[in-house]
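To keep things clear, I will list the structure first and then write my remarks on it.
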Amino acid sequence: MMKMIKLLHRPDNIFLIIIAVIFSLLYSSGPAFGIKFTNIQHLYDITYDMNEPSDVAVSGNGQIYIVDGVNNRVVVSNKSGNVLFTFGKKGSGNGQMMFPLGIDVDNKGNVYLADSGNHRIQIFDPLGNYISQIRIPSNEGVPADPTDLTVDESINRMFVVDNDNHYILVYQLDTLELINTYGTPGIEKRQFRYPFLISSDKDSYLYIVDVINTRVQVLNSDGKFVHYIGGWGVKKGEFFRPKGVALDSVNRVYVSDGYMGVIQVFKPNGEFDSVLSNSDNSIVKKFNTPVGIYIDNNNRLYVVEMFANRVGVYSLGN
Numbered sequence: 074m075m076k077m078i079k080l081l082h083r084p085d086n087i088f089l090i091i092i093a094v095i096f097s098l099l100y101s102s103g104p105a106f107g108i109k110f111t112n113i114q115h116l117y118d119i120t121y122d123m124n125e126p127s128d129v130a131v132s133g134n135g136q137i138y139i140v141d142g143v144n145n146r147v148v149v150s151n152k153s154g155n156v157l158f159t160f161g162k163k164g165s166g167n168g169q170m171m172f173p174l175g176i177d178v179d180n181k182g183n184v185y186l187a188d189s190g191n192h193r194i195q196i197f198d199p200l201g202n203y204i205s206q207i208r209i210p211s212n213e214g215v216p217a218d219p220t221d222l223t224v225d226e227s228i229n230r231m232f233v234v235d236n237d238n239h240y241i242l243v244y245q246l247d248t249l250e251l252i253n254t255y256g257t258p259g260i261e262k263r264q265f266r267y268p269f270l271i272s273s274d275k276d277s278y279l280y281i282v283d284v285i286n287t288r289v290q291v292l293n294s295d296g297k298f299v300h301y302i303g304g305w306g307v308k309k310g311e312f313f314r315p316k317g318v319a320l321d322s323v324n325r326v327y328v329s330d331g332y333m334g335v336i337q338v339f340k341p342n343g344e345f346d347s348v349l350s351n352s353d354n355s356i357v358k359k360f361n362t363p364v365g366i367y368i369d370n371n372n373r374l375y376v377v378e379m380f381a382n383r384v385g386v387y388s389l390g391n
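Counting in our numbering, the sequence shown runs without a single skipped number right up to 391 at its last residue.
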């Protein structure tokens, strides 16, 4: 549980409360202040006695995989939100987990899990049966802390975020062999301070949530810098503590802010586009500690609300 709290950086003083109030006032003002809204409609929630879930991914057939980290398991539901089964339990053996955080699913439905406390990536079949694993190496004596990954079968690559070592590891997908690393600690281009969740688009660009640098950093598949999204602040297009990132069918970028409880939308070039709103399109939608987010092929948005212990499912509008 301490791992989860550390990654979220809870607000615990009056300064952060004041910042949150200012942010809420700015965003609740809506069109009068030039803030565009993207409409969403709530469909259902998934709960199932979860304890600080962190990430979610959806298979091609609509099966929903939720990382239930403190319970050291993955919760699996169907496309209607009915829980089908769970897999995993606390431990370090094959198929066991220690505070897992991030997840992705390939085109065959195989599940890739960032098993953070065990310093590895585990791979499961669609029913949660263990297939194999990758031990993520330490870096100059610092143990690996894999918090997320993204699988890109179009280029036969898997990209793994190492939170404590502040870089991205690149693996060949078919052999699971480490072939490169991207990034170093710092605040400049291709540098990170506690990167957390990651996603990729149709052109194999990487979108990495660079938490303490309060931005999303975009690299191409060769690790070359493309651009930043966001920066520190409480105005539109800025973040206080970004956590999750996802892309829709036209490569718009959605970023969750765990402190401020909002999800902002950006154009592919990184320019601010809009903020998610309730279905009446009149006020910003506030989430309870949104962390991992995902958009499936049916234009559905999945939002992990960590301290509410649920995943909300929404249909996306314009």
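Cβ coordinates follow ideal geometry from the N, Cα and C atoms, glycine included. Note that the coordinates shown come from a computational prediction; the quantities given were computed from them, not determined experimentally.
(message) Going by the DSSP bridge assignment, what does Pro268 pair with across the sheet?
(response) In the sequence shown, counting from the first residue as 1, residue 268 sits at position 195. Bridge partners of Pro268: Asp283.
(message) I need the boundaries of the beta strand (DSSP E) containing Pro315, first residue and last residue.
(response) Taking the sequence shown and counting its residues from 1, the one referred to as residue 315 is at position 242. Element bounds for Pro315: Pro315 to Leu320.
(message) Can you tell me whether Gly135 is helix, strand or coil according to DSSP?
(response) Within the sequence shown, residue 135 is the residue found at index 62, counting from 1. If DSSP states are grouped into helix, strand and coil, Gly135 belongs with coil.
(message) The beta strand (DSSP E) that contains Gly365, what's its start and end?
(response) Here residue 365 refers to the residue found at position 292 of the sequence shown. Note, Gly365: beta strand (DSSP E), Pro363 to Ile368.
(request) Tell me whether His239 is buried or exposed, calling it buried when 16 or more other Cβ atoms sit within 10 Å of its Cβ. (result) The count along the sequence shown starts at 1 and reaches residue 239 at position 166. Buried: at least 16 other Cβ atoms inside 10 Å.
(message) Given a cut-off of 7 Å on the beta-carbon distance, is the pair Leu242 and Thr254 in contact?
(response) On the sequence shown, position 169 is the one that residue 242 refers to. On the sequence shown, position 181 is the one that residue 254 refers to. In this structure, Thr254 lies closer than 7 Å to Leu242 by Cβ.
(request) To the nearest angstrom, report how far apart Asn293 and Asn229 are at their CA atoms. (result) Translated into the one-based positions of the sequence shown, residue 293 becomes position 220. Translated into the one-based positions of the sequence shown, residue 229 becomes position 156. Distance between the alpha carbons of Asn293 and Asn229 is about 14 Å.
(request) State the DSSP-derived secondary structure class of Ala217, mapped to helix, strand or coil. (result) Numbered from its first residue, the sequence shown carries residue 217 at position 144. In this structure, DSSP gives Ala217 a state outside helix and strand, which the three-state scheme calls coil.
(request) Enumerate in chain order the residues of its own chain whose CB-to-CB distance from Asn351 is below 6 Å, with the five nearest sequence positions on each side excluded. (result) The residue labelled residue 351 in the question sits at position 278 within the sequence shown. Correct list, in chain order: Lys358.
(message) Here's the rule: buried if 16 or more other CB atoms are within 10 angstroms of the residue's CB, otherwise exposed. What is Asp295?
(response) Residue 295 sits at position 222 when you count from the first residue of the sequence shown. It is exposed - the Cβ of Asp295 has fewer than 16 other Cβ atoms within 10 Å.
(request) For the beta strand (DSSP E) holding Gly385, just list the boundary residues, first then last. (result) Counted from its first residue, the sequence shown places residue 385 at position 312. Note, Gly385: beta strand (DSSP E), Arg383 to Leu389.
(message) Could you tell me the alpha carbon to alpha carbon distance between Lys227 and Leu374, rounded to whole angstroms?
(response) Counting from one through the sequence shown, the residue named residue 227 turns up at place 154. Counting from one through the sequence shown, the residue named residue 374 turns up at place 301. Residue 227 is actually Ser in this sequence, not Lys. In a straight line, the C-alpha of Ser227 is about 23 Å away from that of Leu374.
(message) Ignoring anything shorter than 3 residues, give me the beta strand (DSSP E) runs that lie fully in the stretch 217–246, in order along the chain.
(response) 219–225, 230–235 and 240–245
(request) Could you give the DSSP three-state label for Phe345: helix, strand or coil? (result) Within the sequence shown, residue 345 is the residue found at index 272, counting from 1. It is a strand residue.
(request) Given a cut-off of 7 Å, decide if Lys309 and Ile108 are closer than it, judged by their beta-carbon atoms. (result) The residue you call residue 108 lines up with position 35 of the sequence shown. The residue you call residue 309 lines up with position 236 of the sequence shown. A contact, by the Cβ cut-off of 7 Å.
(request) Please determine if the stretch 273–280 and the stretch 329–337 are in contact, where contact requires at least 3 C-beta pairs separated by less than 8 Å. (result) no
(request) Indicate whether the contact test is met: 3 or more Cβ pairs, each with one atom in the stretch 127–135 and one in the stretch 361–371, closer than 8 Å. (result) In the pairwise beta carbon analysis, the stretch 127–135 is classified as touching the stretch 361–371: at least three pairs are separated by under 8 Å.
(request) Flag this pair as yes or no: are the beta carbons of Ser347 and Phe110 separated by less than 7 Å? (result) The sequence position of residue 347 within the sequence shown is 274, counting from 1. The sequence position of residue 110 within the sequence shown is 37, counting from 1. Yes, Cβ-Cβ distance for Ser347 and Phe110 is below 7 Å.
(message) Give me, in chain order, the residues of the same chain whose beta-carbon lies closer than 7 Å to that of Ser150; leave out the 5 immediate sequence neighbours on both sides.
(response) Mapped onto the sequence shown, residue 150 falls at position 77. These residues qualify, in order along the chain: Ile119, Ile137, Val156 and Leu157.
(request) Within its chain, find whatever has a CB closer than 6 Å to the CB of Met379; leave out the 5 residues flanking it on each side and keep chain order. (result) The residue given as residue 379 occupies position 306 in the sequence shown. Around Met379: Glu125, Thr362 and Val364.
(message) Given this structure, state the Cα-to-Cα distance separating Gly232 from Asp122, to the nearest angstrom.
(response) Within the sequence shown, the letter at position 159 stands for residue 232. Within the sequence shown, the letter at position 49 stands for residue 122. It should be pointed out that residue 232 corresponds to Phe in this sequence rather than to Gly. Using only the alpha carbons, I get a separation of about 31 Å.
(message) Taking the beta carbon of Leu200 as the centre, do at least 16 other beta carbons fall within 10 Å, making it buried, or is it exposed?
(response) The residue given as residue 200 occupies position 127 in the sequence shown. With fewer than 16 Cβ atoms within 10 Å of its Cβ, Leu200 is classed as exposed.
(request) Find the nearest neighbour of Asn202 within the set Arg193, Ala187 and Val147, judged by alpha-carbon distance. (result) Locating residue 202 in the sequence shown gives position 129, where the first residue counts as 1. Checked all of Arg193, Ala187 and Val147; the closest Cα to Asn202 is Val147.
(request) Can you tell me which of Leu270, Ala319, Pro210 and Pro315 puts its alpha carbon nearest to the alpha carbon of Asn286? (result) For the purposes of this step, residue 286 is identified with residue 213 of the sequence shown, where counting begins at 1. Per the Cα distances, Pro315.
(message) Quick check on this structure: which residue in Val234, Met171, Ile139 and Gly303 has the alpha carbon closest to the alpha carbon of Lys152?
(response) Within the sequence shown, the letter at position 79 stands for residue 152. That would be Ile139, whose Cα lies nearest to the Cα of Lys152.
(message) Under DSSP, the beta strand (DSSP E) around Ile176 begins and ends at which residues?
(response) For the purposes of this step, residue 176 is identified with residue 103 of the sequence shown, where counting begins at 1. Ile176 -> beta strand (DSSP E) spans Ile176 to Val178.
(message) By DSSP's criteria, Val307 is part of a beta bridge. Which residues make up the other side?
(response) For this step, residue 307 is matched to residue 234 along the sequence shown. DSSP output for Val307 lists no bridge partner at all.
(message) Is there a Cβ of chain C sitting closer than 7 Å to that of Val376, yes or no?
(response) Absent here is chain C; the protein component of the structure consists of one chain.
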